[in-house]
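Protein chains in written order, with my numbering: chain A, 62 to 445; chain B, 62 to 445; chain C, 62 to 445; chain D, 62 to 445.
4 protein chains.
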Amino acid sequence: MVSSSGVRIKELRRTYGFEEVAIVPGDVTTNPELSVTNLKIGPYQFTTPVLASAMDAIVDPNFAGLMARLGGLGVMNLEGAYTRYEDPYAALADVSNAPKEGVTEVLQRVYAEPLKDHLIAQRIKEVKATGAVCAVSVTPQNAKRLSPIAVEAGADIIVVQSTVTTARHISNSYHGLRFSELMPLISVPVVVGNCVTTSAALELMEQGIDGLLVGVGPGAACTTRDVTGVGVPQVSATLDVAAARDEFVERGGKYVAVITDGGIRTGGDLCKAIAAGADGVMIGTPFAQTFEAPGKGFNWGMASPHPALPRGTRINVGAVASLEQVLFGPSHRTDGTQNLIGALKISMSMVGAQTIEEFHEKAELVVAPTIATEGKSFQRAGRI
Amino acid sequence: MVSSSGVRIKELRRTYGFEEVAIVPGDVTTNPELSVTNLKIGPYQFTTPVLASAMDAIVDPNFAGLMARLGGLGVMNLEGAYTRYEDPYAALADVSNAPKEGVTEVLQRVYAEPLKDHLIAQRIKEVKATGAVCAVSVTPQNAKRLSPIAVEAGADIIVVQSTVTTARHISNSYHGLRFSELMPLISVPVVVGNCVTTSAALELMEQGIDGLLVGVGPGAACTTRDVTGVGVPQVSATLDVAAARDEFVERGGKYVAVITDGGIRTGGDLCKAIAAGADGVMIGTPFAQTFEAPGKGFNWGMASPHPALPRGTRINVGAVASLEQVLFGPSHRTDGTQNLIGALKISMSMVGAQTIEEFHEKAELVVAPTIATEGKSFQRAGRI
Amino acid sequence: MVSSSGVRIKELRRTYGFEEVAIVPGDVTTNPELSVTNLKIGPYQFTTPVLASAMDAIVDPNFAGLMARLGGLGVMNLEGAYTRYEDPYAALADVSNAPKEGVTEVLQRVYAEPLKDHLIAQRIKEVKATGAVCAVSVTPQNAKRLSPIAVEAGADIIVVQSTVTTARHISNSYHGLRFSELMPLISVPVVVGNCVTTSAALELMEQGIDGLLVGVGPGAACTTRDVTGVGVPQVSATLDVAAARDEFVERGGKYVAVITDGGIRTGGDLCKAIAAGADGVMIGTPFAQTFEAPGKGFNWGMASPHPALPRGTRINVGAVASLEQVLFGPSHRTDGTQNLIGALKISMSMVGAQTIEEFHEKAELVVAPTIATEGKSFQRAGRI
Amino acid sequence: MVSSSGVRIKELRRTYGFEEVAIVPGDVTTNPELSVTNLKIGPYQFTTPVLASAMDAIVDPNFAGLMARLGGLGVMNLEGAYTRYEDPYAALADVSNAPKEGVTEVLQRVYAEPLKDHLIAQRIKEVKATGAVCAVSVTPQNAKRLSPIAVEAGADIIVVQSTVTTARHISNSYHGLRFSELMPLISVPVVVGNCVTTSAALELMEQGIDGLLVGVGPGAACTTRDVTGVGVPQVSATLDVAAARDEFVERGGKYVAVITDGGIRTGGDLCKAIAAGADGVMIGTPFAQTFEAPGKGFNWGMASPHPALPRGTRINVGAVASLEQVLFGPSHRTDGTQNLIGALKISMSMVGAQTIEEFHEKAELVVAPTIATEGKSFQRAGRI
């Protein structure tokens with residue numbers, strides 16, 4: 062763009078979130094029964110392309126086992142309450158029972174307790190005992206120290222995750238993670254996140270990773286955007302990172318699983334993420350709302366306890382359905398929050414896709430903002 | 062679009078709904094008395110270009126007769142309560158009387174009752190007895206079985222309708238409908254829906270159909286979009302399908318009636334649909350709000366009873382006017398919900414169109430979003 | 062635009078309303094005292110470029126006199142209560158006192174009383190007695206009959222106004238107005254409206270008119286758009302008609318005053334209309350809110366009494382300030398609804414314009430949507 | 062743009078505010094501890110790139126001292142209560158205690174008291190006594206008279222500020238400021254504002270100034286836009302003025318500090334302003350909300366007391382945190398209103414910038430509107 066006085070001004074690209082796009086039906090339709098929804102991460106294949114977020118209120122060893130039985134993958138946080146406390150449920154109860162106005166302080170106190178290496182091994186063994194593939198999450202700064210302990214204890218997938226993770230991190234302390242130093246230490250697939258651009262994704266893929274989590278400041282209300290201004294809406298972020306994945310394969314690299322993480326609330330959101338190019342999704346709050354989640358109707362982000370700059374807080378999400386209902390129905394709600402996989406299969410059938418790969422190829426997304434209108438409630442009764 | 066690292070990214074087209082566009086007045090105006098609003102479907106001509114949706118709460122044989130007397134067409138659902146129950150009104154009352162929290166279960170139970178072939182014939186005869194052209198709706202999976210029964214019983218128009226219907230449906234069961242197998246079985250005009258793209262519309266037109274229903278997930282609040290992410294706003298969908306109709310005629314095909322179905326609440330919506338290229342519209346909720354509708358102030362979508370993934374629910378719309386008032390006034394409301402045909406005639410007159418064909422040619426649509434402003438209520442008094 | 066199947070689809074132009082644009086300050090600023098705001102209609106010059114709408118609740122002979130004393134122009138409706146009733150104030154009181162739910166019927170009844178020719182002459186004489194330039198408004202269907210009577214009685218400016226008025230109106234009755242027949246009958250300046258496009262404006266200018274009212278369905282909430290779908294947001298409409306005026310002058314025609322009519326609530330709206338190219342504005346509701354308005358705190362549109370398709374209703378706007386305060390302050394409110402001319406002079410000074418002609422040249426408009434934000438109330442305190 | 066009748070119509074450029082953009086994370090990340098946030102104005106360097114607005118409810122000598130101790134700069138208004146009253150706190154209390162409906166009149170009365178030259182000298186000495194760099198603000202009309210007095214009394218930086226200030230102001234009175242006459246009178250750095258375009262900024266830079274305040278009618282709710290229609294959203298304004306600064310340097314001029322002034326409420330807003338090219342920001346309301354602000358929980362704009370056209374009013378913002386908490390935390394809130402500098406350092410680290418100059422280079426902004434969604438509150442719990 063050139064200003065009226067002939068000076069060049071930075072141009073701004075338009076990006077899109079879930080609530081601004083829709084999927085166009087195809088020229089061919091299929092029966093939903095034909096839809097196959099497999100996700101592959103390294104050697105592991107999941108029939109349900111859904112990961113549960115590594116949040117204390119969601120994934121404990123029991124929940125990880127349940128995710129596995131339902132075809133998906135629960136990721137356990139190795140730096141949360143489970144590896145700080147012999148009895149983590151007492152710590153979770155402290156958070157849940159804290160009065161609303163003092164909850165940030167309680168979170169800050171609970172997470173000040175040091176990590177205990179023996180609990181890392183113990184929790185991983187508890188996950189493995191359920192028969193599940195065991196995925197655990199560490200932060201970049203602790204990745205080199207904790208990953209070998211986790212792999213030794215039996216972890217099958219290491220997830221290295223922070224708000225923004227890049228292949229090149231500059232630091233003047235021990236915190237700076239070099240993937241070139243990390244990768245030789247561990248023999249299992251590595252999933253890294255989070256990331257939102259083509260260029261950063263390509264650099265991370267070149268490190269030899271197996272999966273990439275997409276999402277920084279997703280969702281209109283995510284406080285990372287309020288606090289730091291940083292974030293990219295999830296549909297655009299997924300389109301960009303998926304383009305990097307396809308480019309990487311074209312350049313001779315391996316197929317890296319792209320997993321959209323954050324902001325997914327409904328079947329519609331999930332379908333749009335996958336239509337935009339994701340191989341799978343990571344889900345938080347909708348799983349915190351299940352009867353089986355250890356948060357018992359509460360949830361909080363892993364940045365919420367940050368001592369100086371807490372981003373996010375504990376919220377009361379309620380426990381409203383079983384995990385099986387959320388994933389496979391039957392649904393007693395019409396807002397898209399239950400039977401996510403049923404919704405995905407129907408969405409795929411409406412664009413004539415029998416596999417997620419075909420869905421990537423055939424699904425056209427259009428910009429179609431949701432506008433609140435007075436007539437809204439009346440339209441709900443239309444033939445759908 | 063090309064990302065900063067030179068990788069191509071899918072581009073997203075902007076689409077528009079009713080609330081985002083407006084019709085530009087023309088250089089010539091006419092007297093509204095000169096406006097002729099005929100709709101032709103096969104050999105049948107309707108002076109009122111409006112179809113009533115095939116919903117149980119709207120069209121029973123009596124309502125179909127009333128629509129005919131007023132120049133339009135009511136479509137009766139052959140797979141709803143009327144063909145499952147000798148006394149359908151008791152079933153409708155069960156739905157209306159169900160407590161709000163249990164209504165999805167009641168809907169699921171009511172529609173679990175099997176279809177009865179003899180009731181199909183009986184209901185068609187009841188419609189014919191009113192003197193109306195009899196249009197009936199079937200789903201693609203039942204079309205081959207039910208259509209011949211319906212035609213045999215006297216049905217004049219067959220509507221094959223599901224959320225998304227294409228000329229090529231892939232299935233591994235008996236459900237897959239081939240139009241090439243269906244069309245020879247029936248001798249009456251066929252209307253198919255729903256559809257939202259130029260390409261899918263062209264393929265359907267090549268099957269020899271007479272009308273096409275436009276609309277998948279219309280309206281901001283339609284739960285098909287919440288649940289599956291699939292949908293295209295109605296103005297863009299109508300522009301695209303109307304372009305297919307014109308292209309089909311140019312290629313030597315017959316003129317296929319394009320009927321915008323869903324999301325129309327006001328005269329303004331109706332006018333915009335027709336300005337965008339529709340030959341007629343299909344209306345649901347505004348007709349469920351008439352005194353004559355069998356839903357007695359309630360309405361529900363035909364996907365609401367879906368056992369695993371209900372999309373839509375029963376809503377209390379209220380019975381607020383007669384069908385004649387809704388179509389022809391006199392209006393006692395200023396929000397555009399009454400005297401829809403009077404509104405269409407005035408709209409046509411403001412662009413100087415005496416026929417719907419001229420309206421298609423002369424009406425320019427512009428993007429003019431409705432933005433909620435504080436001053437809203439004050440502006441209502443302006444000279445209009 | 063070309064669809065994916067290679068078929069051309071109508072493209073939609075984006076249009077803008079007041080709430081979506083802002084004026085960019087200039088490279089030169091001036092003292093507001095230097096701002097001159099003259100409006101010329103034919104031989105008449107007004108120091109206040111504001112017309113009061115021809116609505117019964119706003120302009121009676123007394124109000125027209127007051128407008129003149131303040132430098133502007135009040136337009137009296139020749140087809141309203143003043144020319145139907147010897148005592149119009151009793152009729153106005155009937156409307157004001159009607160219960161909310163029955164007001165449309167009362168409006169329909171009040172305006173069913175026939176027009177009386179002798180009252181036309183009498184009202185015009187009452188306006189003239191105040192010393193004001195007398196402007197009166199007639200509808201196109203009555204223009205040929207009423208205009209000569211009005212001119213004979215002393216009217217100085219004839220305003221021919223309906224929702225949409227074009228140079229070519231097709232009719233099969235006596236209603237169709239030909240300007241070629243009308244213009245020879247009257248010797249005074251003619252203002253015509255309403256109009257929103259360059260092409261229609263050019264054709265009307267070729268009829269020899271002196272002013273053009275801009276605005277069809279302005280404002281987000283105007284019910285003409287709800288009812289008929291027809292309307293163009295005011296900033297785009299004004300830009301287009303102003304372009305026609307400039308083009309007409311370039312082709313050798315006379316300078317026709319462009320007057321933006323409708324949707325103006327604040328000084329900001331007024332400034333944007335003029336920045337977009339208007340020579341003046343016509344204002345309704347803000348004047349209905351003055352102590353001097355005969356509606357005594359109520360207002361209603363002249364299409365509200367329409368027997369079959371009422372568009373608009375009576376609203377309670379309240380009487381909150383004197384007309385002088387609204388036009389010239391001092392303001393006791395900070396929302397822009399008072400001291401409209403003071404605001405215009407400051408706005409002109411911020412782009413360095415000393416005349417409205419310079420304002421047209423120098424004012425750049427940008428698209429700058431007003432987005433409701435949580436922090437809204439806090440921002441109000443900023444340095445402004 | 063060309064209309065359908067071939068006439069050229071003005072095109073409107075899209076501009077953006079804080080709530081419509083987001084910062085894209087970089088390909089390299091750094092540790093936040095490495096982020097250096099220096100701001101230079103003339104010879105003065107500030108480690109905290111934040112100025113406190115010259116509003117009476119915010120900056121008194123004590124607050125200016127506190128800002129200095131925290132690395133920033135408080136600007137004291139030389140034309141407010143502090144230089145009109147020996148005991149300004151009594152005047153402030155009058156404003157705070159005024160009943161809501163009468164506050165505009167109280168403001169108008171309080172600020173009708175004449176300025177007193179001896180108080181100017183006294184207040185500057187009070188600021189200097191705290192050890193702070195002393196910045197004072199004057200309006201253009203008083204700049205030539207007051208600036209020498211201020212410099213004489215020890216002021217280190219003169220801020221010449223009005224709603225819109227240009228290098229060329231046309232006036233027929235003594236009010237017109239010529240910078241060519243002002244600059245020789247004073248030997249200290251001059252900051253001028255406000256300004257929003259490349260061209261006006263370039264002209265001001267050519268006057269030899271050291272800093273430029275960006276912002277006219279910022280924020281969705283700023284009443285300058287309501288009242289006069291004039292304003293440019295802050296992100297676009299900052300991009301444009303920063304482009305002028307870079308152009309000016311390229312032409313051989315000095316580096317002029319660009320300071321975004323107005324509409325900044327959260328760390329995210331601050332980060333976006335700097336990402337858009339600002340060297341620093343000026344903050345109002347968030348500082349009025351500190352325990353140390355003399356407004357004691359109230360705030361009002363300096364245009365609020367305008368006798369004829371008040372823009373802005375007194376608002377109750379509450380006193381919610383210490384200034385140190387707002388700037389450096391620790392934060393007890395998750396909405397971005399506390400620890401603004403901590404947020405900036407994290408934001409810089411996420412794009413791999415160690416200095417503000419690097420942040421300008423590396424931070425990409427995208428258009429990413431905040432859309433209110435029903436699911437909003439649930440998303441707050443996501444991993445951030």
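Idealized CB from N, CA, C, for every residue including glycine.
Legend entry - Endpoints, beta strand (DSSP E) assigned at A:Phe348: A:Phe348: not part of any beta strand (DSSP E); member of the alpha helix (DSSP H) spanning 346-349, first to last residue.
Legend entry - Reduced DSSP secondary structure (H/G/I, E/B, other) of C:Glu174: C:Glu174 falls in the coil class under three-state DSSP.
Inset, instruction - Could you check the C-alpha separation between B:Ile270 and A:Ala115 for me, to the nearest Å? - result: Spanning the alpha carbons of B:Ile270 and A:Ala115 requires a straight line of approximately 53 Å.
Legend entry - Sequence ranges, alpha helix (DSSP H) only - wholly within the segment 237-316 of chain D, length at least 4: Counting only runs of 4 or more, we get 240-243, 259-266, 284-289, 295-311.
Inset, instruction - Write down the C-beta distance between B:Phe79 and B:Val296 rounded to the nearest angstrom, noting that I regard them as a contact closer than 8 Å. - result: About 6 Å separates the Cβ atoms of B:Phe79 and B:Val296, confirming a contact at the 8 Å cut-off.
Legend entry - Nonlocal neighbours in the same chain, by C-beta distance under 6 Å from B:Glu425, ignoring five residues either side: Closer than 6 Å at Cβ, skipping near neighbours: Val85.
Legend entry - For C:Asp301, the nearest candidate out of C:Val381, C:Ser392, C:Arg184, C:Ile335 (CA to CA): Ranking C:Val381, C:Ser392, C:Arg184, C:Ile335 by Cα distance to C:Asp301 puts C:Ile335 first.
Inset, instruction - Helix, strand or coil for A:Asn123, going by three-state DSSP, please let me know. - result: If DSSP states are grouped into helix, strand and coil, A:Asn123 belongs with the helices.
Inset, instruction - For D:Pro294, go through chain C and note every residue whose CB falls closer than 7 Å to its CB, in chain order. - result: What D:Pro294 touches in chain C: Ala429.
Inset, instruction - Identify whether C:Lys71 lies in helix, strand or coil by the three-state DSSP scheme. - result: For C:Lys71, the secondary structure class from DSSP, reduced to helix, strand or coil, is coil.
Inset, instruction - Name the one or two DSSP bridge partners that A:Leu321 has. - result: Note on residue identity: the sequence assigns Thr, not Leu, to residue 321 of chain A. DSSP output for A:Thr321 lists A:Val275, A:Val342 as bridge partner(s).
Inset, instruction - Report the partner residues of B:Lys101 according to the DSSP bridge assignment. - result: Answer is B:Gln106.
Inset, instruction - Starting from C:His393, find everything on chain D with Cβ-Cβ shorter than 7 Å and list it in chain order. - result: Under the 7 Å cutoff, chain D gives Thr165.
Inset, instruction - Would you identify the three-state DSSP class for A:Ala334, choosing helix, strand or coil? - result: Judged by DSSP in its simplified three-state form, A:Ala334 adopts helix.
Inset, instruction - Enumerate in chain order the residues of its own chain whose CB-to-CB distance from A:Thr351 is below 7 Å, with the five nearest sequence positions on each side excluded. - result: These residues qualify, in order along the chain: Ala380, Ala382, Ser383, Leu384, Val387.
Inset, instruction - Using a threshold of 8 Å, state whether the C-beta atoms of D:Gly222 and D:Thr200 are closer than that. - result: One point to set straight first is that residue 222 of chain D is Gln, not Gly, in the sequence displayed. D:Gln222 is a Cβ neighbour of D:Thr200, given a cutoff of 8 Å.
Inset, instruction - Sort out for me which residues DSSP pairs A:Val136 with in a bridge. - result: Within the DSSP bridge table, the entry for A:Val136 names A:Ala196 as partners.
Inset, instruction - In the DSSP assignment, find the unbroken beta strand (DSSP E) run with B:Arg229 in it and report its ends. - result: Looking at the DSSP string, the run of the beta strand (DSSP E) that includes B:Arg229 is 229-231.
Inset, instruction - Compute the Euclidean distance between the alpha carbons of A:Arg69 and D:Arg306, then round it to the nearest angstrom. - result: Take the alpha-carbon of A:Arg69 and the one of D:Arg306: they are about 12 Å apart.
Inset, instruction - Could you tell me if D:His367 is buried or exposed, where buried requires 16 or more neighbouring beta carbons within 10 angstroms of its beta carbon? - result: With 16 or more Cβ atoms within 10 Å of its Cβ, D:His367 is classed as buried.
Legend entry - Chain-ordered neighbours of D:Asn233 on chain C, where CB pairs are closer than 8 Å: Chain C residues near D:Asn233: Asn92, Glu94, Leu95.
Inset, instruction - Quick one: which residues of the segment 203-235 of chain C get their C-beta closer than 7 Å to a C-beta of chain B? List them in chain order. - result: Residues passing the 7 Å Cβ filter: Thr224, Val225, Thr227, Arg229, His230, Ile231, Ser232, Asn233, Ser234.
Legend entry - Candidates C:Ile247, C:Gly397, C:Leu238, of which the one nearest B:Thr91 by Cα: The shortest CA-to-CA distance from B:Thr91 to any of C:Ile247, C:Gly397, C:Leu238 is the one to C:Leu238.
Inset, instruction - Starting from A:Glu422, trace the alpha helix (DSSP H) both ways and give me its first and last residue. - result: A:Glu422 -> alpha helix (DSSP H) spans 417-423.
Legend entry - Within 8 Å of chain B by C-beta, residues of the segment 323-335 of chain A in sequence order: Those would be Thr327, Gly328, Gly329, Asp330, Leu331, Cys332, Lys333, in chain order.
Legend entry - Segment contact flag, the segment 144-156 of chain B with the segment 173-186 of chain B, C-beta cutoff 8 Å, min 3 pairs: In short, these stretches touch, since the Cβ pair count reaches three.
Inset, instruction - Determine the contact status of D:Gly132 and D:Phe107, defining contact as a CB-CB distance below 8 Å. - result: Yes; because the gap between Cβ atoms is below 8 Å, this pair is in contact.
Legend entry - C:Ala262 classed as buried or exposed, judged by whether at least 16 other C-beta atoms fall within 10 angstroms: Here C:Ala262 is buried, its C-beta having at least 16 other C-beta atoms within 10 Å.
Inset, instruction - Answer with buried or exposed for A:Lys166, where buried requires no fewer than 16 other C-beta atoms within 10 angstroms of its C-beta. - result: Note that residue 166 of chain A is Glu in the sequence shown here, rather than Lys. Exposed: under 16 other Cβ atoms inside 10 Å.
Inset, instruction - Would you check if the segment 326-343 of chain C and the segment 284-292 of chain C touch, i.e. whether three or more CB-CB distances between them fall below 8 Å? - result: Proximity of the segment 284-292 of chain C to the segment 326-343 of chain C falls short of the contact definition, fewer than three beta-carbon pairs being nearer than 8 Å.
Inset, instruction - Indicate whether at least one CB of chain D lies closer than 8 Å to the CB of C:Gly133. - result: So no, C:Gly133 is outside the interface.
Inset, instruction - Spatial neighbours of D:Glu353 within its chain, please: CB distance less than 8 Å, with the 5 preceding and 5 following residues excluded, ordered by chain position. - result: Asn123, Phe124, Leu127, Ser383, Leu384.
Inset, instruction - Kindly indicate if chain C contains any beta-carbon less than 8 Å away from that of B:Pro110. - result: Closer than 8 Å: no.
Inset, instruction - Would you grab the beta carbon distance between B:Gly323 and B:Gly276 for me? Rounded to a whole angstrom, and I think it's under 8 Å. - result: With 8 Å as the limit, B:Gly323 and B:Gly276 qualify as a contact, their Cβ atoms being about 4 Å apart.
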